[in-house]
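Top to bottom, those sequences are chains A and B. Under our numbering, think of the first position of the first sequence as 54, with each following residue one higher. Under our numbering, think of the first position of the second sequence as -19, with each following residue one higher. No residue lacks a Cβ here, since even glycine has one placed at the ideal position from N, Cα and C. In what follows, a single structure is set out as structure tokens and then discussed.
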Amino acid sequence: MENQINYEKIEQSARTRKHIQRTLVYLLLTFWAMIVLFPFYWMLLTSVKSYGSYNAEHIPAFFTLTPTLQNYADAFTAVPLGRYLMNTVFFTAVTTAAMLIVIILSAFAFARLQFRGKQLTFTLFLSLMMIPNELVVITNFVTITNWDMRNTFAGLILPSVTSVFYIYLLKENFEQVPDELYRAAKVDGTSDFKYLCRVLLPICRPTLITITILKIIECWNSYVWPRLITDDAAYYLVSNGIQEIRENGFGRENIPAMMAAVTVISLPLIILFLLFRKKIMAGVSRGGTKG
Amino acid sequence: MEKRNAKAWLYLFPALLFLGFFMVYPLIDVFIYSFEEGYNFASQTYFGVGSYNYSYVLRDPYFLQAVKNTLILVIITVPLSTAFALLLSAALCSIKPLRNLFQTVYFLPYVTNTLAVGLVFMILFKKTAYSDGMINLLINWFGGSSVDFIDGPYWAKMFVLCFYTIWIVMPFKVLLLTSALASVNPNYYNAARVDGTSKRRIFLRITLPMISPTVFYLVITGFIGAFKAYSDAVALFGTDLNAAGMNTIVGYVYDMLYGNSGGYPSYASAAAILLFVIVLTITCINLLVSKKHVHYS
């Protein structure tokens, strides 16, 4: 009898401890989720407060009852935000497309073609992965300046159309495609290039999509190179644009309009992320570097 | 064979061209620059060859300040973010409901523009003439007095920079650690449970060794990433980082190259090589340490 009561007590206390533990875990997770989300909330909130009411708040208000879209109109009319966005879309599209062509061709050469010096070339390629961008950016800046390519899209795009890492990733993927397909194509008299386009690329589409998305994120957020190479606002990308807006944007300290611009800039990638959530997260854990 | 050789090189040609122009040549050139003394950017001439650029950079107070800032940033953010990411990932792996939602939310900072969201952080922390800002409001609630985190005392600024850096790097770490934790073979846990092993011991003796390669990878990439910190500082304190006293080594390199204080590619090269040497040394030390503590299965 005595024993039975003890068991119940032990079970009871174990259950309570489990409950407490679970609550603590959820509290911790919610705490960090709030820290992550709060800046986004503040950004959205501030962007719909009117200029007058924002500046009248001595103590910041956590919500607003009179939201306005005026700031978004200001962001597009008072500063060339539309231009920055167009520039970035163009830069991202061309860079990503050019990079895909370059890396597909060389990954194919490494994965399927036989040639002298292949191992050596590939090893040299891999060793380039260890070179930090900061070392090469100085000479690239001088090169592009000497070629008179400052404030051109060519100058912005050219240095970032190759990525050794993506060549490596794609080559690994190409090699997983069975040899039989290649031989069968050869027997049918298909050219290498046709085989690449008709067989290899469709099979490796998931990897290609991952690489494309990662490159788009990288392009959209690039700041250092565009800042070095452009000082004409007509060629600014969004990162430089937002810095320009911050430093001499609306002619006065117009924080709500600034936040509207920030919202507009952040939204495309957040939407892209929500659409391709699984792909992006899998891609980053395979090939991401940031942190 | 000759024909096939030519064809393969044709496929490789674009990559070789771009890598040659924008990776290999600059890599050699940066060393040459760093030893050319008195290089003039406009006429592209120099006086002589020597190590003056290095001694200039090493004596430049702005560079020393940048090194100090970067080291503090590295020492604070790398251990803190790794440990906290481990805690969050362990918490994530122990729950079922809402797990996907939390994971999605935690990943958001990865896809945001560092410059743009940095501006939001600046607004949150900034103290202006008409308002103390959001964070100071919180501090006041808990009985503290307002601090200007953006233009104020050094440690306040350093705190914001560290906080923002951790906010930015968490997604990558949490993502990798959760997948590492999820891939630990559950048989080990079951065996330990049969033996009545305590939770602490399970974590230290099973979980940690099993995920040690990932932790180690994160520590190394964390070190490298933090040493290269730059755009987060720009986002918070503006482009004139020297004036704010918050410059980083990479920021010093770019300031030497371009901008108001720019036009000195030789100094920039010397500083960039010094950074590379520091990062390489730290990475080698990490590798040596890991040999003892990392278990590759």
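- Query: Looking only at DSSP bridge pairs, what is residue 28 (chain B) linked to?
  - Reply: The residue given as residue 28 (chain B) occupies position 48 in the second sequence. Partner(s): B:17.
- Query: Can you give, in chain order, each stretch of the alpha helix (DSSP H) that sits fully within the segment 145 to 203 of chain A and has at least 4 residues?
  - Reply: 171 to 181, 186 to 199
- Message: With the cut-off set at 9 Å, would you say residue 278 (chain B) and residue 86 (chain A) are in Cβ contact?
- Response: It is not possible to answer for residue 278 (chain B), since the shown part of chain B is limited to -19 through 277.
- Helix or strand or just coil, what does DSSP make of residue 275 (chain B)? The residue you call residue 275 (chain B) lines up with position 295 of the second sequence. DSSP places residue 275 (chain B) in coil when its eight states are reduced to three.
- Counting contacts by CB-CB distance shorter than 9 Å, is residue 173 (chain B) in contact with chain A? Walking along the second sequence from the start, residue 173 (chain B) turns up at place 193. Residue 173 (chain B) does not count as touching chain A.
- Item | Neighbourhood of residue 343 (chain A) by C-beta distance below 6 Å, restricted to the same chain and skipping five residues each side | Stepping through the first sequence from its first residue, residue 343 (chain A) is reached at position 290. Model confidence at residue 343 (chain A) stands at a pLDDT of 48, short of 50, so the residue's coordinates are unreliable and nothing is read from them.
- Helix, strand or coil for residue 290 (chain A), going by three-state DSSP, please let me know. Looking up residue 290 (chain A) in the first sequence gives position 237. Residue 290 (chain A) falls in the coil class under three-state DSSP.
- Message: Quick check: is the beta carbon of residue 144 (chain A) nearer than 9 Å to any beta carbon in chain B?
- Response: For the purposes of this step, residue 144 (chain A) is taken as the residue at position 91 of the first sequence. Not one chain B Cβ lies under 9 Å of residue 144 (chain A).
- Item | Backbone CA spacing between residue 136 (chain A) and residue 287 (chain A) [nearest angstrom] | Taking the first sequence and counting its residues from 1, the one referred to as residue 136 (chain A) is at position 83. Taking the first sequence and counting its residues from 1, the one referred to as residue 287 (chain A) is at position 234. Approximately 7 Å between the Cα atoms of the pair.
- Query: Can you list, in chain order, the residues of its chain whose CB lies under 7 Å from that of residue 315 (chain A), leaving out five sequence neighbours each side?
  - Reply: Here residue 315 (chain A) refers to the residue found at position 262 of the first sequence. Cβ neighbours of residue 315 (chain A) beyond the five flanking positions: 96, 295.
- Item | Start-to-end residues for the alpha helix (DSSP H) that takes in residue 110 (chain A) | Here residue 110 (chain A) is taken as the residue at index 57 of the first sequence, counted from 1. First-last for residue 110 (chain A): undefined, no H or E at that position.
- Query: Looking only at its own chain, which residues have a Cβ that is under 6 Å from the Cβ of residue 137 (chain B), when we skip the five neighbours before and after it?
  - Reply: As a position in the second sequence, residue 137 (chain B) is number 157, starting the count at 1. Taken in chain order, the residues that qualify are 226.
- Message: Assess contact between the segment 297 to 308 of chain A and the segment 145 to 158 of chain A, defined as three or more Cβ pairs (one per stretch) separated by less than 8 Å. Is contact present?
- Response: no
- Task: Flag residue 120 (chain A) as yes if its beta-carbon sits less than 9 Å from any beta-carbon of chain B, otherwise no.
- Result: Taking the first residue of the first sequence as 1, we reach residue 120 (chain A) at position 67. No, no contact with chain B.
- Task: Within 10 angstroms of the Cβ of residue 35 (chain B), are there 16 or more other Cβ atoms? Answer buried if so, exposed if not.
- Result: Against the second sequence, residue 35 (chain B) aligns to sequence position 55. By the 10 Å Cβ count, residue 35 (chain B) comes out exposed.
- Item | Inter-residue Cα distance where the pair is residue 289 (chain A) and residue 209 (chain A) | Stepping through the first sequence from its first residue, residue 289 (chain A) is reached at position 236. Stepping through the first sequence from its first residue, residue 209 (chain A) is reached at position 156. Going from the Cα of residue 289 (chain A) to the Cα of residue 209 (chain A) covers about 10 Å.
- Query: Between which two residues does the alpha helix (DSSP H) harbouring residue 166 (chain B) extend?
  - Reply: Reading the second sequence from its first residue, position 186 is the one you call residue 166 (chain B). Counting along the chain, the alpha helix (DSSP H) containing residue 166 (chain B) begins and ends at 166 to 174.
- Do you know whose CA, among B:13, B:153, B:8, lies nearest residue 250 (chain B)'s CA? Translated into positions along the second sequence, residue 250 (chain B) becomes position 270. Among B:13, B:153, B:8, the Cα nearest to that of residue 250 (chain B) is on B:13.
- Item | Contact set between the segment 262 to 275 of chain A and chain B, restricted to residues whose Cβ is under 9 Å from the partner | 270, 273, 274
- Query: Quick one: does residue 193 (chain B) have its CB under 9 Å from some CB of chain A?
  - Reply: The sequence position of residue 193 (chain B) within the second sequence is 213, counting from 1. No, residue 193 (chain B) lies away from the interface with chain A (no Cβ there is under 9 Å from its Cβ).
- Query: With DSSP run on the structure shown, which of helix, strand or coil describes residue 62 (chain A)?
  - Reply: Taking the first sequence and counting its residues from 1, the one referred to as residue 62 (chain A) is at position 9. Helix, per DSSP.
- Using a Cβ-Cβ cut-off of 9 Å, state whether residue 259 (chain A) counts as contacting chain B. Numbered from 1 along the first sequence, position 206 holds the residue referred to as residue 259 (chain A). For residue 259 (chain A), the answer is no, since every Cβ of chain B falls outside 9 Å of its Cβ.
- Task: State the DSSP-derived secondary structure class of residue 116 (chain B), mapped to helix, strand or coil.
- Result: Within the second sequence, residue 116 (chain B) is the residue found at index 136, counting from 1. If DSSP states are grouped into helix, strand and coil, residue 116 (chain B) belongs with the helices.
- Output, in chain order, the set of chain A residues within a Cβ distance shorter than 7 Å of residue 118 (chain B). Walking along the second sequence from the start, residue 118 (chain B) turns up at place 138. Chain A residues near residue 118 (chain B): none, gap ~10 Å exceeds 7 Å.
- Three-state secondary structure (DSSP) of residue 249 (chain A): For the purposes of this step, residue 249 (chain A) is taken as the residue at position 196 of the first sequence. DSSP places residue 249 (chain A) in helix when its eight states are reduced to three.
- Task: Show which residues of chain A have a CB atom less than 7 Å away from the CB atom of residue 101 (chain B).
- Result: On the second sequence, position 121 is the one that residue 101 (chain B) refers to. 92, listed in chain order.
- Query: Secondary structure at residue 301 (chain A), three-state DSSP: helix, strand or coil?
  - Reply: The residue labelled residue 301 (chain A) in the question sits at position 248 within the first sequence. Correct three-state label for residue 301 (chain A): helix.
- Task: Keeping to the same chain, check which residues put their C-beta closer than 6 Å to that of residue 161 (chain A); ignore five residues upstream and five downstream.
- Result: Taking the first sequence and counting its residues from 1, the one referred to as residue 161 (chain A) is at position 108. The answer, listed in chain order, is 249.
- residue 312 (chain A) classed as buried or exposed, judged by whether at least 16 other C-beta atoms fall within 10 angstroms: Indexing the first sequence from 1 puts residue 312 (chain A) at position 259. So residue 312 (chain A) counts as buried.
- Taking residue 113 (chain A) as the query, report the chain B residues whose CB atoms sit under 8 Å from its CB, ordered along the chain. As a first step, residue 113 (chain A) is located in the first sequence; it is residue number 60 there, counting from the start. Per Cβ cutoff of 8 Å: 111, 113, 114, 117.
- Message: I need the DSSP call for residue 225 (chain A), collapsed to helix, strand or coil.
- Response: Stepping through the first sequence from its first residue, residue 225 (chain A) is reached at position 172. Residue state, collapsed to three classes: helix.
- Message: If contacts are defined as beta-carbon pairs under 8 Å, then residue 247 (chain B) and residue 33 (chain B) qualify, I think. What distance do you get, rounded to the angstrom?
- Response: As a first step, residue 247 (chain B) must be located in the second sequence, where it is residue number 267. As a first step, residue 33 (chain B) must be located in the second sequence, where it is residue number 53. Indeed, because the Cβ distance is near 6 Å, the residues count as touching under 8 Å.
- Item | Interface flag, residue 267 (chain B) vs chain A, CB-CB below 9 Å | Along the second sequence, one-based indexing puts residue 267 (chain B) at 287. Chain A, which has no Cβ nearer than 9 Å to the Cβ of residue 267 (chain B), makes this no.
- Query: Quick one: does residue 10 (chain B) have its CB under 9 Å from some CB of chain A?
  - Reply: By one-based count along the second sequence, residue 10 (chain B) stands at place 30. For residue 10 (chain B), the answer is yes, since a Cβ of chain A falls inside 9 Å of its Cβ.
- Query: To the nearest angstrom, how far is it from the Cα of residue -6 (chain B) to the Cα of residue 68 (chain B)?
  - Reply: Working through the second sequence from its first residue, we reach residue -6 (chain B) at position 14. Working through the second sequence from its first residue, we reach residue 68 (chain B) at position 88. In a straight line, the C-alpha of residue -6 (chain B) is about 44 Å away from that of residue 68 (chain B).
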